[in-house]
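J.: Please see the structure below; I have some questions.
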Amino acid sequence: MAPKNRLQVNFFNPSTPGMKKEVGIAATILIIWALLSFGIPALIFLAGLGDPTGLGESFLTRARFLGFPLHYWLIAQGCTIGYILLCKLYCVLWDKKITKG
Amino acid sequence: MKKGVLIAGTTLATLLLSTGTLLAAGEEVYQIQQGFKLLPAIIFLALLFVYVGVGFISKVSSTSGYWVAGQGIGKFGNGAAIAADWMSAASFMGVAGLLYLKGWFGLGYIIGWTGGYVLLLTLLAAQIRRFGKYTIPEFLGDRYDCHAVRLIAAAVTVIIAITYATAQFKGIGLICGWIFGMDYTASVFFAAGVTLAYLLISGMAGVTRNQQIQYVVLISAFLIPLWILIRKAGGIGILPQLEYGSILSGLMDGKVASGQLSGAELENVRRAYLPWGEGTLYQFLALTFTLMVGTAGLPHIMIRFYTVKNEDVARKSVLWGLFFIGLLYWSSPVYAAMGKFWNPLGGKAVADVIILSAPEKAGMGIAYIGYLAAGAMAAGLSTVAGLLIAGSSALAHDWYATVFKPNCNDRQALFVGRVCTAVLCIIVIIAALNPPALIAQIVAMAFAIAGNTIFPAVVLAVWYSRANKYGALAGMVWGLGMTLLAMAGWIAKVPMFEAEGILPATSSALVVCPLAFLINIVVSNLTQDRVTPESATKMDNILRKLHRMPAAVEEPPAGMSKLNP
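Read top to bottom, the protein sequences are chains A and B.
Numbering-wise, my numbering comes out as the position in the first sequence, counting from 1, plus 45.
Numbering-wise, my numbering comes out as the position in the second sequence, counting from 1, plus 16.
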């Protein structure tokens with residue numbers, strides 16, 4: 046068979062204008078998702094490197110936000126609220142760029 | 017006719033068995049109060065009648081109605097169904113206990129189980145809806161044009177369904193036993209009878225409608241005690257999900273209900289809430305990543321996107337589903353923190369009953385405990401129903417109606433579907449009655465299996481046109497093989513696969529899943545020339561459909577045409 050005639054679909058190299066828009070939105074959301082999911086634990090890790098006991102105590106664990114220890118709030122509510130907002134943003138971007146555009 | 021006999025027979029049999037063993041009961045199995053409890057039983061039975069009644073009202077007569085609810089469910093409804101499907105008896109009873117034991121580290125479960133939905137939404141939801149057929153094995157089998165891929169996916173779906181459902185039945189059995197004073201065996205049969213009855217009568221439409229009711233019951237049962245508890249712990253009682261923050265901060269300084277902790281006790285509590293007291297960064301990330309790709313790869317969750325009107329509703333129902341799930345996961349840590357506040361040094365025994373003991377602690381009375389049990393029951397039932405539908409559709413639709421007997425008609429397919437649901441349910445009952453120790457471990461592995469096997473295959477199926485059946489097979493065999501190897505190693509206590517190892521069995525996807533992607537891509541590229549032109553055309557047609565590309569040739573794959581109404 047001739048591979049040239051085949052359809053091209055590749056997340057990192059979208060071939061049609063419609064797919065480009067879809068991938069653009071998805072990639073934006075996924076980058077923020079990765080920052081939330083891996084960036085925040087990494088930040089807590091880096092901040093806690095100075096703690097000689099290895100438990101990761103840092104300004105993030107001492108700071109208070111809405112009454113919570115900040116490192117706790119960031120994961121327990123920051124990330125989860127962030128995910129819901131990301132889903133909302135995805136739907137909004139989709140409506141704006143694809144449904145209407 | 018056959019259908020009626022089947023339903024009546026299986027339901028009657030399980031109910032008879034349950035009453036039979038009821039008479040023989042009398043052992044002291046439960047630690048909490050024994051015997052039949054009238055008020056909780058009335059509340060509980062009333063809700064069961066509602067579930068079965070709703071199933072009966074929305075009964076179906078077509079295959080698509082049975083499997084995908086006639087594709088007419090809206091965004092709130094499907095969102096609530098996603099949430100009810102998702103929230104098992106384990107989520108309901110177990111997450112708070114996990115957080116009680118593991119402190120900050122336990123939050124990894126929460127972000128893992130919510131973050132997965134972002135992956136699902138951005139990469140898969142709309143495309144799966146555009147494909148528009150019934151099951152995930154079907155999607156993979158058609159896209160890769162390969163029955164072997166279809167069968168592996170079906171096998172994985174069935175494995176996940178059976179093990180996961182078994183764990184649910186254990187929980188449901190305990191609750192029924194507690195309310196009616198039956199022994200464990202009787203209560204498993206009783207619960208199974210109820211589940212089977214409405215599943216067989218109604219199929220997915222009834223299940224979906226029930227899941228909406230069940231979500232309301234379970235979330236309200238879960239949330240209401242919080243307001244009373246937070247007041248007892250010294251809060252204002254407006255928004256417990258925010259007010260427990262100061263209790264938590266107090267805990268880190270050793271402030272508990274009985275006064276001020278000091279010395280080793282203070283260290284113990286502080287340790288749980290500091291980031292790396294219960295695990296390392298690697299363990300945390302491995303856990304969250306595995307739960308995320310696992311969530312996005314669970315067939316009984318993905319199947320939800322087939323049940324909606326269109327892809328727009330598919331997207332919005334993820335948003336609502338995640339919000340509804342969030343309500344539970346914002347509240348579980350409150351229970352955990354209050355548990356610590358009143359009993360800072362309790363072990364697993366405290367963690368296990370943290371939810372069931374909450375109404376008692378709040379002084380809410382026996383009627384409320386009945387409602388809470390009905391909520392936990394709803395959580396378990398809805399998950400089991402979703403799992404049995406996904407599992408039996410893999411058998412009846414992907415194996416029987418596609419591979420084994422492609423010429424069967426709609427009625428036969430529906431009948432086999434009901435038989436498969438019943439057979440699966442019986443397997444689950446047997447497993448739940450005499451749970452092999454292995455079950456608990458396989459349940460913990462379900463996310464690793466789904467994330468290593470199904471997720472990479474589905475994502476590449478949608479987003480990489482060069483991915484072919486050879487790549488998919490290699491990737492899936494690798495994912496499944498490595499997961500099973502890690503599980504065997506874990507059971508045999510090989511250090512590498514234990515919780516502190518390099519490749520913890522239940523968190524293996526951080527390593528295995530990306531490699532499964534890589535293997536699929538590499539093998540697919542190496543075997544490009546072996547794909548036949550017919551097969552390539554079929555795959556291209558499906559890709560056109562997934563990405564709404566023009567010039568899609570309307571030619572359903574062989575054996576599928578009968579299913580398009």
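Quick reminder that beta carbons are idealized off the backbone N, C-alpha and C, glycines included.
(1) Which residues, taken in chain order from the region 112 to 138 of chain A, show a beta carbon closer than 8 Å to some beta carbon of chain B?
(2) Scan the region 263 to 283 of chain B for residues whose Cβ lies nearer than 8 Å to a Cβ of chain A and list them as they occur along the chain.
(3) Would you verify that the beta carbon of F56(A) is, or is not, closer than 8 Å to some beta carbon of chain B?
(4) Excluding sequence positions up to five away, which residues of its chain have a Cβ less than 6 Å from the Cβ of V478(B)?
(5) If you measure from the beta carbon of G101(A) to each beta carbon in chain B, is any gap under 8 Å?
(6) Given that S481(B) touches chain A, what residues does it touch there, using C-beta distances under 8 Å?
(7) Which of helix, strand or coil does DSSP assign to F513(B)?
(8) Determine the chain B residues that contact L75(A) at a beta-carbon separation under 9 Å, and present them in chain order.
(9) Can you give the Cα-Cα distance for I143(A) and V329(B), rounded to whole angstroms?
(10) Taking beta-carbon pairs under 8 Å, can you tell me which members of the region 325 to 348 of chain B lie near chain A?
(11) Just the Cα atoms here: how many angstroms apart are T98(A) and L290(B)?
(12) Taking DSSP as the reference, what is the three-state secondary structure of F52(B)?
(13) Would G293(B) and L100(A) be called neighbours here (beta carbons separated by less than 8 Å)?
(14) Check the Cβ-Cβ distances between R564(B) and every residue of chain A, and say whether any is below 8 Å.
(15) Any beta carbon from chain A within less than 8 Å of T306(B)'s own beta carbon?
(16) Along the chain, which unbroken stretches of the alpha helix (DSSP H) at least 4 residues long are found entirely within the region 271 to 311 of chain B?
(17) Have a look at F72(B) and A213(B) and give me their C-alpha separation to the nearest angstrom.
(18) Under a three-way DSSP split, which group does N55(A) fall into?
(19) How would you label G197(B), buried or exposed, when you count the other beta carbons within 10 angstroms and need 16 or more for buried?
(20) Once DSSP output is grouped into helix, strand and coil, what is the label at P422(B)?
(21) Roughly how many angstroms lie between the CA atoms of I382(B) and Y345(B), to the nearest whole one?
(22) Determine whether the beta carbon atoms of G467(B) and C424(B) lie at a separation below 8 Å.
(23) What does DSSP give as the partner residue(s) for Y480(B) in the beta ladder?
(24) What residues in the region 242 to 262 of chain B bring their beta carbon closer than 7 Å to a beta carbon of chain A?
(25) With D96(A) as the anchor, note down where its alpha helix (DSSP H) starts and where it stops.
(26) Which residues in the same chain have their Cβ closer than 6 Å to the Cβ of G93(B), if we skip the five residues on either side of it in sequence?
(27) Name the two residues that bound the continuous alpha helix (DSSP H) containing F340(B).
(28) Which value, in whole angstroms, describes the spacing of the CA atoms of T437(B) and L64(B)?
(29) Give every residue of the same chain whose Cβ lies closer than 8 Å to the Cβ of A41(B), excluding the five residues on either side of it in the sequence, and list them in chain order.
(30) Taking only beta carbons into account, state which residues of the region 62 to 95 of chain A come closer than 7 Å to chain B, listed in chain order.
(31) Taking the CB atoms as reference points, tell me whether M565(B) and T61(A) lie closer together than 8 Å.
(32) Is the CB of P530(B) under 8 Å away from at least one CB in chain A?
(33) Three or more C-beta pairs closer than 8 Å, one from the region 240 to 259 of chain B and one from the region 100 to 116 of chain B: is that the case here?
(34) Who are the near neighbours of L111(A) in its chain, counting only those whose CB is closer than 7 Å to its CB and skipping five residues on each side?
(35) Output, in chain order, the set of chain A residues within a Cβ distance shorter than 9 Å of R560(B).
(36) Using a C-beta to C-beta distance shorter than 7 Å, which residues of chain A count as neighbours of P472(B)?
T.: On the basis of the supplied data:
(1) Result list: G112, F113, P114, H116, Y117, W118, I120, A121, Q122, C124, T125, I126, Y128, I129, L131, C132, K133, Y135 and C136.
(2) Within the region 263 to 283 of chain B, the qualifying residues are L264, S265 and M268.
(3) Residue mapping note: residue 56(A) aligns to position 11 of the first sequence, counting from 1. The C-beta of F56(A) comes closer than 8 Å to at least one C-beta of chain B.
(4) Within the second sequence, numbered from 1, the residue matching residue 478(B) stands at position 462. The residues Q143 and L562, in chain order, have a CB closer than 6 Å to that of V478(B) in the same chain once the five nearest residues on each side in sequence are set aside.
(5) Position 56 of the first sequence, counted from the first residue, corresponds to residue 101(A). Cβ-Cβ to chain B under 8 Å: yes for G101(A).
(6) To locate residue 481(B), count along the second sequence from 1; it is residue 465. Going along chain A in sequence order, the residues near S481(B) (Cβ under 8 Å) are R51, L52, Q53, V54 and N55.
(7) Taking the second sequence and counting its residues from 1, one reaches residue 513(B) at position 497. The answer is helix: DSSP assigns F513(B) an H, G or I state.
(8) The sequence position of residue 75(A) within the first sequence is 30, counting from 1. Near L75(A) (Cβ distances below 9 Å), the residues of chain B are V134, L135, T138 and L139.
(9) Translated into positions along the first sequence, residue 143(A) becomes position 98. Translated into positions along the second sequence, residue 329(B) becomes position 313. Distance between the alpha carbons of I143(A) and V329(B) is about 15 Å.
(10) Cβ proximity to chain A below 8 Å picks out D328, R331, K332, V334, L335, L338, F339, G342, Y345 and W346 from the region 325 to 348 of chain B.
(11) Residue 98(A) sits at position 53 when you count from the first residue of the first sequence. Residue 290(B) sits at position 274 when you count from the first residue of the second sequence. In a straight line, the C-alpha of T98(A) is about 11 Å away from that of L290(B).
(12) In the second sequence, the residue the question calls residue 52(B) occupies position 36. F52(B) carries a coil assignment under DSSP once its states are collapsed to helix, strand and coil.
(13) Translated into the one-based positions of the second sequence, residue 293(B) becomes position 277. Translated into the one-based positions of the first sequence, residue 100(A) becomes position 55. Yes, they are a contact pair.
(14) Along the second sequence, read from residue 1 onward, the residue named residue 564(B) stands at position 548. It does; some Cβ of chain A falls within 8 Å.
(15) Position 290 of the second sequence, counting from 1, holds the residue named residue 306(B). Answer no: the Cβ-Cβ gap between T306(B) and chain A never drops below 8 Å.
(16) Runs of the alpha helix (DSSP H) lying entirely within the region 271 to 311 of chain B and spanning at least 4 residues, in chain order: 279 to 289.
(17) Against the second sequence, residue 72(B) aligns to sequence position 56. Against the second sequence, residue 213(B) aligns to sequence position 197. Their Cα atoms are separated by approximately 9 Å.
(18) Counted from its first residue, the first sequence places residue 55(A) at position 10. Here N55(A) carries a strand assignment [DSSP, helix/strand/coil].
(19) The residue you call residue 197(B) lines up with position 181 of the second sequence. It counts as buried.
(20) Residue numbering aside, residue 422(B) sits at position 406 when the second sequence is read from its first letter. For P422(B), the secondary structure class from DSSP, reduced to helix, strand or coil, is coil.
(21) By one-based count along the second sequence, residue 382(B) stands at place 366. By one-based count along the second sequence, residue 345(B) stands at place 329. Whole-angstrom Cα-Cα distance: 25 Å.
(22) Position 451 of the second sequence holds residue 467(B). Position 408 of the second sequence holds residue 424(B). Going by C-beta atoms, G467(B) is not nearer than 8 Å to C424(B).
(23) For the purposes of this step, residue 480(B) is identified with residue 464 of the second sequence, where counting begins at 1. DSSP output for Y480(B) lists N55(A) as bridge partner(s).
(24) Of all residues in the region 242 to 262 of chain B, L258, G261 and S262 have a Cβ within less than 7 Å of some Cβ in chain A.
(25) Numbered from its first residue, the first sequence carries residue 96(A) at position 51. Here D96(A) belongs to no alpha helix (DSSP H), and DSSP marks it neither H nor E.
(26) Stepping through the second sequence from its first residue, residue 93(B) is reached at position 77. Excluding the 5 residues flanking it on each side, G93(B) has same chain C-beta neighbours closer than 6 Å at Q228, in chain order.
(27) Stepping through the second sequence from its first residue, residue 340(B) is reached at position 324. Note, F340(B): alpha helix (DSSP H), E327 to W358.
(28) Against the second sequence, residue 437(B) aligns to sequence position 421. Against the second sequence, residue 64(B) aligns to sequence position 48. Each residue's Cα considered, the two are about 20 Å apart.
(29) Your numbering for residue 41(B) matches position 25 in the second sequence. At A41(B), the pLDDT of 33 sits below 50, so the modelled position is not reliable; the number obtained from the coordinates is stated separately. Cβ contact annotation for A41(B) (same chain, cutoff 8 Å, sequence separation greater than five): G197, M198, D199 and A202, in chain order.
(30) So the close ones are G63, M64, A71, I74, L75, W78, S82, F83, P86, I89, F90 and G93.
(31) On the second sequence, position 549 is the one that residue 565(B) refers to. On the first sequence, position 16 is the one that residue 61(A) refers to. It is a contact, given that the beta carbons lie within the stated cut-off.
(32) The sequence position of residue 530(B) within the second sequence is 514, counting from 1. It does not: the Cβ of P530(B) has no partner Cβ on chain A nearer than 8 Å.
(33) Too few Cβ pairs lie closer than 8 Å, so no.
(34) Here residue 111(A) refers to the residue found at position 66 when the first sequence is read from its first residue. The residues are W118.
(35) Start at 1 with the first residue of the second sequence, and residue 560(B) comes out as number 544. Those are L52, listed as they occur along chain A.
(36) Your numbering for residue 472(B) matches position 456 in the second sequence. Residues of chain A passing the Cβ test: none, with the nearest at roughly 13 Å.
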